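In our numbering, the protein residues as written are 2 to 1116.
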């Protein structure tokens, strides 16, 4: 079953997990010997980082001491050595001070050194010196909440409360999750008589503390603030740095005739996905140009590009091939491509939007698996056309942006995840008003960010969003009206001018032109007093730039791609006269002995069984490449051209590195994937891995030989499951799991069970009670169990069935006609299954009606319909997609009648289903059987698979043992929460569903983590013995190992069997984009809540002591 949003955090987490995996495999070997190459230095650097991350500070100091002895003039190793020493408290303070003082001499202006020295001075009782250092750091880190907070604390400690107050106010604006800032604000406001402000601050403090979103400043590593964390990225400087080749281009070659009287429209498009894109140019005639030969070669006309004002290429019908959307005037047309180099298009649809269109952009705005369309008119507010399963809806029938722009010109600057919550936000540049940020949210809730809260606020001439400093976060590169070319660093929170006196700027483009993995810039304008032209600024890798000795023609726009397969990016520009020019990148060819490598890939999204997952060309995936000291991150958008969106492979230069360290892909559907063995220097396709984005906890039992997989459970306790606009399905936290005879046997006097969390979710376990049922020969025991939707909640009580008094269907019929009754006669993983599945929506099937006829029926006061089967859960985003299409999920409804001529009678509308993986659903049909029922009907559009069905009379186990069965409750001896890894999915017979292997487990899975706190590892038995809203909270990879005392179990009589029932009570929550409060483990559920998320109508129980004692581990 459904990203705090800091993307840098998940990459760091994934790196740590990959390294820990290597440690588990015995592959992480510390090498203190002298490295002979820069790569060896970087290996030591990475070892030091790993040890610091694992809080092994003494070992980290040993590694980093050896490193700084070999590179004494390098700032990063010296600073990191100081961090390792600082975190050894009294034992390391003196050495930390010495290391940081030397680091300051190497890089005097770095505020992180001052920040750390401030921590040391406070620790040693020198608050005046601490204030001096924190003031210096805060002046240079004006947007660092940590620096402002430490400055405020110093002022407070020195009694300068009036001076401290405004800094605390700045802190909560910069980072509204810092607990200490809100706590101090409420105290200071209260002392000043500002009671309303104090109460508001206290409410915020309590809310953050209770829901787990609050951050604590303390003395532990990662609690001291970002400036006191080890620096991950190290670029070798001085004599150790690799000097790259100079950037060289061929002379410009004209492409076709000048474009006169209309805006140029062109983009690179690789329709046949062979990694060699062509240039598609719209105009009086649309033409595809091949640029890989000696001179530009026309491949032929593309009629659909004739006369259009803009176009976009992407897979809108989800067949994995590039389709085309064009705009002519106010008419937008979509056409299906055939995957050839010069496609023959088939019309799909057209629509009038009522205003001339200037630009188009394909992007999955609602995260439900297909590409929606942003329409930018020549004047006025941008429009949206949502894609509903291969069908673009008219803007009037689609959501709207929160902008009202009557006649303003608008330029689309970026469609990217700006706020780190995984969905695509939109940045537009509005004439006169300047850039505007529109944040995207679930259920099409857009929010326009106020000017003062958007760092790009204020007029800009041009702007570009990209990771220019290698910190894995996008930065803004802007030209201000005053002529400054600046970088707004996302990590440093500061604007740095990289070039001044720049005027008449007409184009700005980012591309790795010197092949080293860093984004260089191409700017067209007037530099100082020089004639207007285009210049290249070479990126040094840390966000600083140098001007290349290269003069290019002035341009209105640039696009870049590798058009000749030599793994470097060539340029096309359009001059102010409208002439397209091609400039071949000859950096490597003319710079021997320099050589370089590159990663060139396409992304293959996934659609399991036609399941809507990620669009098949991977638009919107965030891609991070790590290779040695190189780190680069970008969002795949196809290929953004000039008033057009094309399609070209992602190309990342690696410099001299012959391989990547890892490739990390954050897919739009929430799957985080790490790859280590992707070939370089070729044309590769990286497919999204086969993995559910969420599931439920799974149960294993010791069967006397090994741990056997039983099933998943607690699926009915899913929290925040989206069922309609602002509606979330009520959780059903109770489920009784049947453990068949022979699948649970004593081990050293205990019955041992394992609960594992194999997926990306949080699991809240309140009670796990084990019951043994001893029953006579020829009988079976099942709990009355199913997930109730419209039906009454089942009792969960054990029912005893006589094996020779079961009645199986004599006739079975579905939508496609009769089926062999034997299909439902045994649990054999052969299923009566839906006749068809709904394209795009996992968990949905065509509306199916199954009819089952029985030739006999039980003669019993209580009769039940037993259904062994399983369902494929839909995700919240799937329900949202269906709702947008006017559909919804319908749980199985049950009907009965006596014979074929009679009318059907309802047992229960949308009654329920077996919750998740294979298990037995038990439906009470006593009233129907008493009235002569011999036929039953099941109606649903749920993806429901039936394995075995039978009717039987059943007896409950009474206190007098009248049915001959005995019930024994077993005491819990221990419950140990620990890291267990991720059990591997498998299918021995190739049939679905795949189940899990306990023995085959992965140490890591590439998943984003939830915010909030999990239960700490160790003994947690007291948390799961009764229903008291005190949960054992598990995250992905956790294992709860249970031992129940088997000493009270009597020996079984001859022929008797023992069935176990695990009576469970708990909840789970996934990270599906539409799941309520998916970003955090909080708010914790509780039994009396009227809904989830709780509305506050029913007060939450006081669990402050429980939280403090038990929940201290981050996901």
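Note that the Cβ used here is the ideal one computed from N, Cα and C, for glycine as well.
What you are looking at is a predicted structure, and each value in this text was computed from that prediction instead of being measured.
**Message:** At 3 residues or longer, what runs of the beta strand (DSSP E) sit wholly inside the region 1048-1088?
**Reply:** 1058-1071
**Message:** My assumption, with CB atoms under 8 angstroms, is that residue 314 sits in contact with residue 619. Please give the rounded CB distance.
**Reply:** Not a contact, Cβ separation roughly 14 angstroms.
**Contact under 7 angstroms by Cβ, residue 879 with residue 950** = no
**Message:** So, with DSSP's three-state summary, where would you put residue 88?
**Reply:** Coil, per DSSP.
**Asked** What is the DSSP secondary structure of residue 2, counted as helix, strand or coil?
**Response** Unreliable placement is indicated for residue 2, whose pLDDT of 38 sits below 50; the coordinate value is still reported in the next sentence. Looking at residue 2 - three-state DSSP - the assignment turns out to be coil, as it is neither helix nor strand.
**Message:** Can you look up residue 874 in the DSSP assignment and give me helix, strand or coil?
**Reply:** coil
**DSSP three-state assignment for residue 812, whether helix, strand or coil** = Note: residue 812 maps to strand in three-state DSSP.
**Sequence-distant residues of the same chain with beta carbon closer than 8 angstroms to residue 997, five excluded per side** = 699, 701, 710, 757, 759, 984, 985, 986 and 987
**Prompt:** So the beta strand (DSSP E) residue 398 belongs to, where does it begin and stop?
**Reply:** Looking at the DSSP string, residue 398 is not in any beta strand (DSSP E), and its letter there is neither H nor E.
**Message:** Using the Cβ count rule (16 or more neighbours within 10 Å means buried), how would you classify residue 588?
**Reply:** Flag for residue 588 reads buried.
**Request:** Using alpha carbons as the reference points, say which of 394, 103 and 1012 lies closest to residue 215.
**Result:** 1012
**Contact set for residue 219: own chain, Cβ-Cβ below 6 angstroms, skip 5 residues either direction** = none
**Pick from 511, 462 and 542 that is closest to residue 504, judged by C-alpha positions** = 462
**Message:** Once the 5 residues before and after residue 864 are set aside, which same chain residues still bring their CB inside 6 angstroms of it?
**Reply:** For residue 864, where only same-chain residues beyond five positions count, the Cβ hits under 6 angstroms are 926, 927, 930 and 954.
**Request:** Decide yes or no for the touch test of the region 257-267 against the region 629-644: beta carbon pairs closer than 8 angstroms, at least 3 of them.
**Result:** yes
**Asked** Can you list, in chain order, the stretches of the alpha helix (DSSP H) that have 4 or more residues and sit fully within the region 162-240?
**Response** 162-175, 180-192 and 196-212
**Request:** Using three-state DSSP, classify residue 881 as helix, strand or coil.
**Result:** helix
**Message:** Ignoring anything shorter than 3 residues, give me the beta strand (DSSP E) runs that lie fully in the region 493-532, in order along the chain.
**Reply:** 496-500, 503-512 and 521-528
**Prompt:** Which value, in whole angstroms, describes the spacing of the CA atoms of residue 134 and residue 111?
**Reply:** If you draw a straight line from the Cα of residue 134 to the Cα of residue 111, it is about 12 angstroms long.
**Request:** Under 8 angstroms by Cβ, that's how I've got residue 772 and residue 968 pegged, so tell me the actual separation to the nearest angstrom.
**Result:** 6 angstroms between Cβ atoms; contact.
**Request:** Return the first residue and the last residue of the alpha helix (DSSP H) that residue 107 is part of.
**Result:** 94-107
**Message:** Going by the DSSP bridge assignment, what does residue 787 pair with across the sheet?
**Reply:** In the DSSP output, where bridge partners are listed per residue, residue 787 has none listed.
**Asked** By Cβ distance, which residues of its chain are closer than 6 angstroms to residue 848, with the 5 residues on each side in sequence left out?
**Response** 942
**Request:** Determine the extent of the alpha helix (DSSP H) in which residue 137 is found, giving its start and end residues.
**Result:** 128-141
**Message:** In the DSSP output, what is residue 925 paired with across the bridge?
**Reply:** The partner list for residue 925 (beta bridge, DSSP) reads 865.
**Request:** Please go through the same chain and pick out, in chain order, the residues whose beta-carbon is closer than 8 angstroms to the beta-carbon of residue 1120, but skip the five residues on each side of it.
**Result:** Limits of the chain in this structure are 2 at one end and 1116 at the other, which puts residue 1120 out of reach.
**Message:** Could you tell me the alpha carbon to alpha carbon distance between residue 336 and residue 349, rounded to whole angstroms?
**Reply:** Rounded to whole angstroms, residue 336 to residue 349 spans 5 angstroms at the Cα level.
**Prompt:** Is the beta carbon of residue 813 sitting closer than 7 angstroms to the one on residue 820?
**Reply:** yes
**Prompt:** Between residue 1071 and residue 763, what straight-line distance do the alpha-carbon atoms span, to the nearest angstrom?
**Reply:** 7 angstroms
**Prompt:** Looking only at its own chain, which residues have a Cβ that is under 6 angstroms from the Cβ of residue 519, when we skip the five neighbours before and after it?
**Reply:** Leaving aside the five residues that flank residue 519 on each side, the residues in its chain whose CB is nearer than 6 angstroms to its CB run, in chain order, 540 and 542.
**Prompt:** For residue 123, does the three-state DSSP call read helix, strand or coil?
**Reply:** In this structure, residue 123 counts as helix in the three-state DSSP scheme.
**Item:** Three-state secondary structure assigned by DSSP to residue 117
**Value:** Taken through DSSP and simplified to helix, strand or coil, residue 117 comes out as helix.
**Collapsed DSSP secondary structure at residue 78 in the structure displayed** = Helix, per DSSP.
**Asked** Are the CB atoms of residue 688 and residue 791 nearer to each other than 7 angstroms?
**Response** With contacts defined as CB atoms closer than 7 angstroms, residue 688 and residue 791 fail to qualify as a contacting pair.
**Asked** Which term fits residue 374, buried or exposed, when burial requires 16 or more other beta carbons within 10 angstroms of its beta carbon?
**Response** buried
**Asked** In chain order, what residues of the same chain have a beta carbon less than 8 angstroms from the beta carbon of residue 907, not counting five sequence neighbours either side?
**Response** Excluding residues up to 5 positions away in sequence, 894, 895 and 896 lie with their Cβ nearer than 8 angstroms to the Cβ of residue 907 in the same chain.
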